[in-house]
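*Asks:*
Numbering (our numbering), first residue to last: 4 to 159.
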């Protein structure tokens, strides 16, 4: 279920000129992370959650330990058909509370320039931009392809 949402959202985000790059990213992220969610997040002292509405997964996010004082928000996706209903904001608030519960003083996250709604959500929720980068290399965390990434943090 998180797998299908991950694939669908990333295919929707993909600009036409980067379809092949996104498909390679999807394949890499599935193999390294999504298809082994429990193990992946356990290895990183974190966890993964889904938001369910009418027996359907409408949102996902994960948290992994970034440092002794911080957690990193990962894989925050909301089903396009369920957007503008506050699901993303509620998941973000839950993630912040979970970080506090785990003793983290800060929540870090990053997102790409093509995720305009996510950028607005994080800024409106009090996240501070700490750096920008052009991601050239693909990994399970970024498509690469020269996309601009924005790194944010929030003190909890």
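The beta carbon of each residue, even a glycine, is placed where N, CA and C say it ideally should be.
If we count the other Cβ atoms within 10 Å of its Cβ and call it buried at 16 or more, is residue 8 buried or exposed?
*Replies:* When all chains shown are included, residue 8 counts as buried.
*Asks:* Please go through the region 118-155 and give each complete alpha helix (DSSP H) segment of 4 or more residues, from N-terminal end onward.
*Replies:* Listed in chain order, the complete alpha helix (DSSP H) runs (minimum 4 residues) inside the region 118-155 are 119-127.
*Asks:* Does the distance from the C-beta atom of residue 81 to that of residue 55 stay below 9 Å?
*Replies:* Taking 9 Å as the Cβ cut-off, residue 81 and residue 55 do not qualify as a contacting pair.
*Asks:* Out of curiosity, what's the CA-to-CA distance linking residue 35 and residue 53?
*Replies:* The straight-line gap from Cα to Cα measures roughly 19 Å.
*Asks:* Among 68, 29, 64, which has the Cα closest to the Cα of residue 46?
*Replies:* Checking every option, the nearest Cα to that of residue 46 belongs to 68.
*Asks:* Quick one: does the C-beta of residue 116 sit closer than 8 Å to a heavy atom of the ligand FAD?
*Replies:* The ligand FAD is absent from the structure shown, which contains no ligands of any kind.
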